[in-house]
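Visitor: Structure provided below as C-alpha cells; questions to follow.
Protein chains in written order, with our numbering: chain A, 63 to 268; chain B, 241 to 618.
Structure, rendered in C-alpha cells:
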C-alpha cells in the first residue's frame, strides 16, 4: 500500500507543478518541449533539420546550379528522383535538366542527394507543411515547384550557406586563374560562353 | 454431473492482433485458451516485412545506412553503429578519436531513449495508462532534440558514416547533453519512486513470464532479457568494440528472469549508461570526426568498393545483440547482407514464457520482451 501511495504522491506533485510552472514555447528556446499548441506555437527550427530536397538557383530561376548529371538520382536509395537532360535545337545536350521530378511520397528524407551532389545544387528543405488532396499527383514535385533561390537557403541554413559560398568562391577563383593562365599560354582568348538558350517551358507529364 | 460438464469444455482459439494496442505494431499472437489460461501461443509475424536485406543487396553500401534507421526505429543510432562497424571491418577503415566518442555518446543516449520508453510502455500494457509513459517521454523529448540538432532528424538519424560520423556536433550541444546527463538520475529516482515499490506492479510482474537461465542460453537470447535471467553477456564487455574498454561500468544481472527483473534491469542499465556518458563527456577530445580517406566517399557512394571478403559487426543495441553480416565480392553492392535482429530472436521464446499464464499476462510479457516490429520483420 505504501508504494502505491508514494507513487500517487509523485503524480500529484507533477500535476500541481505542471499548473504552477507551465512551460510555453517562446521565441528563444524550445528545447525539450513536450506540449506545444501547434499551429499557434511552434518549435524553433534546427538548422540541420532535413525534410524534402529542393533545387537551388542563384539569381533567376533560369540559372539553376543543377547540371543534370544524374548523380543524385543514381545515389538516391529509394530512387525518388527523375531527371531528363535538356537538349538544344541541334540535339546537343545542355547542362540543364528539362525535367526534374521528386516523388515526395517515396523520398525518405535521408539527405544522401545533398551529400552526393558535386555542384551544391540540391539541398534538404525545412518545409514540412505540405499535403495534397489526393495520393499521387500533387506530391510529385516538378522542377518549377522545387526551385528556390539561394537567399532562401541562406535564411534557413546560414552556416551551411556560408561554408558553401566560401567553397564556391575559391573554386571560381581557381577556375579564373586557370583560364587566365591557359589564355596567356596559348595567347588566345577563351571561347565565349555558349549563348543562353531560353528555357523551353519544362512541363512534364502532368 | 459437474465432472461430465468439465470434461466437455473446449479450448478457445483467439487472435491477439494484428491490430491490437498491446502488440506494439502489426503482430499477431495465435493463442489457444483454456478458460483464461494459455495452453498454446504461436507468434505470427511478417506484416511489416519490407525486404530490407534484398534492398540492401541492390544499392551502394552507404545507401543502406538510412534503411538501417528503419529497422528498429526507436534506436536508429545503434543500428547505424552496428552497420558502420561491419563495413569498417570489411574495408579496414580507421575511425578518428573524436568520432569514436561521439558514437559512444549517441549510442548511450539511444539506450536511454529506448529503455525509458520501453519501461513506460510496459506500464501501459499493465493498465497504468499514459502517466508513466508520458513522464518517460518528457525525458525522451530532450534527447531527441539533441539528435535533431546533430543529425537533422529526431528518429531517422542517418548520422554515422564509414570512418566516423556525418558532421561534427554543433556548438552548444555538448553542454546540452551534459545537462541532460546531470538531470537524468533525478528523473530515474522519481520514476523508481513511482513504480518499483508499487504493490500492483509487483503483483502483476513478479514470477510472471519467467525465463530460466538454461532456456535463455539455448535460445540465444541477448540483451536486457538475457541479463535479467542471470546470463552475464554484454557485448560492450565481451567484444570491446569501439572504445568501450576505456569506460568503467557494471553489467546489472537479474536472478529470477521474470517481468519485474527485466523492468529493473532496464532501469539499472540506464544508470550505467549515465555513468558511461559522464565519463565520455569528460574525456571527449577535439579533432576530425571523419576519416579523411573516406570523406570523399560521401560524394560518390557508388565508387566505394570494399575488398572481397566477409565481416560481422555487432553492437549491444538496447534490445540485444544487433549484428550485420556482410559478404563483399568487390563490387559496390554487398553480395550478401544479413541482419541479426535482437527483437526477432528474443521473440522466439514468447510461447515458453506465456504457457500457463493468463491472457492479460501475455500482453505484459510481450511488452517486457521489448520488440519493435520494424526489426522483427525486417
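We put the CB at the ideal spot given by N, CA and C, even for glycine.
1. Leaving out five residues on either side along the sequence, give the residues of the same chain with a beta carbon under 7 Å from the beta carbon of residue 578/B.
2. Between 368/B, 387/B and 309/B, which has its C-alpha nearest residue 346/B's C-alpha?
3. Look at the alpha carbon of residue 557/B and the alpha carbon of residue 259/B, and state the distance between them as a whole number of angstroms.
4. Within the region 400 to 466 of chain B, note down every full beta strand (DSSP E) run reaching 3 residues or more, in order along the chain.
5. Can you tell me whether residue 394/B is helix, strand or coil according to DSSP?
6. Write down the C-beta distance between residue 570/B and residue 545/B rounded to the nearest angstrom, noting that I regard them as a contact closer than 8 Å.
7. Go ahead and pull the three-state DSSP assignment for residue 215/A.
8. To the nearest angstrom, report how far apart residue 473/B and residue 536/B are at their CA atoms.
9. Comparing alpha-carbon positions, which option in 356/B, 410/B, 343/B and 496/B lies nearest residue 374/B?
10. Between residue 298/B and residue 323/B, what straight-line distance do the alpha-carbon atoms span, to the nearest angstrom?
11. Within the continuous alpha helix (DSSP H) that includes residue 350/B, where are the two ends?
12. Can you tell me where the alpha helix (DSSP H) with residue 614/B in it begins and where it stops?
13. Is it buried or exposed, residue 456/B, if we count other Cβ atoms within 10 angstroms and call 16 or more buried?
14. Helix, strand or coil: how does DSSP classify residue 315/B here?
15. Measure how close the beta-carbons of residue 384/B and residue 353/B come, nearest whole angstrom, since I'm counting them as under 8 Å.
16. Let me make sure I understand the geometry here. Which of 320/B, 307/B, 348/B and 379/B has the alpha-carbon closest to that of residue 168/A?
17. Give the residues of chain A in contact with residue 438/B, contact being defined as C-beta atoms less than 7 Å apart.
18. Helix, strand or coil for residue 603/B? Go by DSSP, reduced to three states.
19. Helix, strand or coil, according to DSSP, for residue 534/B in the structure here?
20. Taking the CB atoms as reference points, tell me whether residue 396/B and residue 134/A lie closer together than 9 Å.
21. Per DSSP, what kind of secondary structure is residue 330/B in: helix, strand or coil?
22. Any C-beta of chain A within less than 9 Å: which residues of the region 302 to 333 of chain B qualify?
23. Run the CB neighbour count on residue 311/B, radius 10 Å, all protein chains shown included, and call it buried at 16 or more, exposed below.
24. Quick check: is the beta carbon of residue 131/A nearer than 9 Å to any beta carbon in chain B?
25. Output yes or no for whether 9 Å exceeds the beta carbon distance between residue 257/B and residue 251/B.
26. Would you verify that the beta carbon of residue 229/A is, or is not, closer than 9 Å to some beta carbon of chain B?
27. Mind checking if residue 236/B is an interface residue toward chain A, Cβ cutoff 9 Å exclusive?
28. Have a look at residue 170/A and residue 243/A and give me their C-alpha separation to the nearest angstrom.
29. Over the uninterrupted alpha helix (DSSP H) stretch that includes residue 481/B, give me the two end residues.
30. Below 8 Å on C-beta distance, what does residue 430/B contact in chain A?
31. Name the two residues that bound the continuous beta strand (DSSP E) containing residue 291/B.
32. If we ignore side chains and look at the alpha-carbon of each, how far apart do residue 609/B and residue 284/B end up?
33. I need the boundaries of the beta strand (DSSP E) containing residue 63/A, first residue and last residue.
34. What is the residue span of the beta strand (DSSP E) that residue 584/B lies within?
Guide: In short, the structure shows the following:
1. Position 338 of the second chain, counting from 1, holds the residue named residue 578/B. Excluding positions up to five away in sequence, the list reads 293 and 565.
2. Against the second chain, residue 346/B aligns to sequence position 106. The shortest C-alpha separation from residue 346/B is found at 387/B.
3. Sequence index remark: in the second chain, residue 557/B carries index 317 (1-based). Sequence index remark: in the second chain, residue 259/B carries index 19 (1-based). So the alpha carbons of these two residues sit roughly 27 Å apart.
4. none
5. Locating residue 394/B in the second chain gives position 154, where the first residue counts as 1. Residue 394/B: coil per DSSP, three-state reduction.
6. In the second chain, the residue the question calls residue 570/B occupies position 330. In the second chain, the residue the question calls residue 545/B occupies position 305. The Cβ separation is near 6 Å, so the contact holds.
7. To locate residue 215/A, count along the first chain from 1; it is residue 153. The answer is helix: DSSP assigns residue 215/A an H, G or I state.
8. Sequence index remark: in the second chain, residue 473/B carries index 233 (1-based). Sequence index remark: in the second chain, residue 536/B carries index 296 (1-based). So the alpha carbons of these two residues sit roughly 38 Å apart.
9. Residue mapping note: residue 374/B aligns to position 134 of the second chain, counting from 1. Considering only alpha carbons, the answer is 356/B.
10. Walking along the second chain from the start, residue 298/B turns up at place 58. Walking along the second chain from the start, residue 323/B turns up at place 83. Approximately 16 Å between the Cα atoms of the pair.
11. Taking the first residue of the second chain as 1, we reach residue 350/B at position 110. Residues 337 to 366.
12. As a position in the second chain, residue 614/B is number 374, starting the count at 1. Where residue 614/B is concerned, the enclosing alpha helix (DSSP H) stretches over 613 to 616.
13. As a first step, residue 456/B is located in the second chain; it is residue number 216 there, counting from the start. When all chains shown are included, residue 456/B counts as buried.
14. Here residue 315/B corresponds to residue number 75 of the second chain, with the count starting at 1. In the structure shown, residue 315/B sits in coil (DSSP, three-state: anything other than H, G, I, E or B).
15. Here residue 384/B corresponds to residue number 144 of the second chain, with the count starting at 1. Here residue 353/B corresponds to residue number 113 of the second chain, with the count starting at 1. Indeed, because the Cβ distance is near 7 Å, the residues count as touching under 8 Å.
16. Counted from its first residue, the first chain places residue 168/A at position 106. Taking only the C-alpha atoms, the option nearest residue 168/A is 307/B.
17. As a first step, residue 438/B is located in the second chain; it is residue number 198 there, counting from the start. Within 7 Å Cβ-Cβ: 65, 66 and 69.
18. Start at 1 with the first residue of the second chain, and residue 603/B comes out as number 363. In this structure, residue 603/B counts as helix in the three-state DSSP scheme.
19. Translated into the one-based positions of the second chain, residue 534/B becomes position 294. Residue 534/B: helix per DSSP, three-state reduction.
20. For the purposes of this step, residue 396/B is taken as the residue at position 156 of the second chain. For the purposes of this step, residue 134/A is taken as the residue at position 72 of the first chain. Not in contact: residue 396/B and residue 134/A (Cβ atoms no closer than 9 Å).
21. Looking up residue 330/B in the second chain gives position 90. If DSSP states are grouped into helix, strand and coil, residue 330/B belongs with the helices.
22. 302, 303, 304, 305, 306, 307, 309 and 310
23. Locating residue 311/B in the second chain gives position 71, where the first residue counts as 1. With 16 or more Cβ atoms within 10 Å of its Cβ, residue 311/B is classed as buried.
24. Walking along the first chain from the start, residue 131/A turns up at place 69. Chain B, which has no Cβ nearer than 9 Å to the Cβ of residue 131/A, makes this no.
25. Within the second chain, residue 257/B is the residue found at index 17, counting from 1. Within the second chain, residue 251/B is the residue found at index 11, counting from 1. Against a cut-off of 9 Å, the Cβ pair of residue 251/B and residue 257/B comes out as no contact.
26. Start at 1 with the first residue of the first chain, and residue 229/A comes out as number 167. With 9 Å as the cut-off, residue 229/A does not count as an interface residue toward chain B.
27. Limits of chain B in this structure are 241 at one end and 618 at the other, which puts residue 236/B out of reach.
28. Counting from 1 along the first chain, the entry for residue 170/A is found at position 108. Counting from 1 along the first chain, the entry for residue 243/A is found at position 181. C-alpha separation (whole angstroms): 45 Å.
29. Counted from its first residue, the second chain places residue 481/B at position 241. Residue 481/B -> no alpha helix (DSSP H), and no H or E assigned at all.
30. One-based indexing of the second chain puts residue 430/B at position 190. Within 8 Å Cβ-Cβ: 72.
31. Taking the second chain and counting its residues from 1, the one referred to as residue 291/B is at position 51. Careful: residue 291/B lies outside any beta strand (DSSP E) and carries neither H nor E.
32. Within the second chain, residue 609/B is the residue found at index 369, counting from 1. Within the second chain, residue 284/B is the residue found at index 44, counting from 1. Residue 609/B and residue 284/B: Cα-Cα distance of roughly 16 Å.
33. As a working note, residue 63/A is residue 1 in the first chain. From DSSP, residue 63/A is part of no beta strand (DSSP E); its letter is neither H nor E.
34. For the purposes of this step, residue 584/B is taken as residue 344 along the second chain, with counting starting at 1. First-last for residue 584/B: 582 to 587, but that is the alpha helix (DSSP H), not the beta strand (DSSP E).
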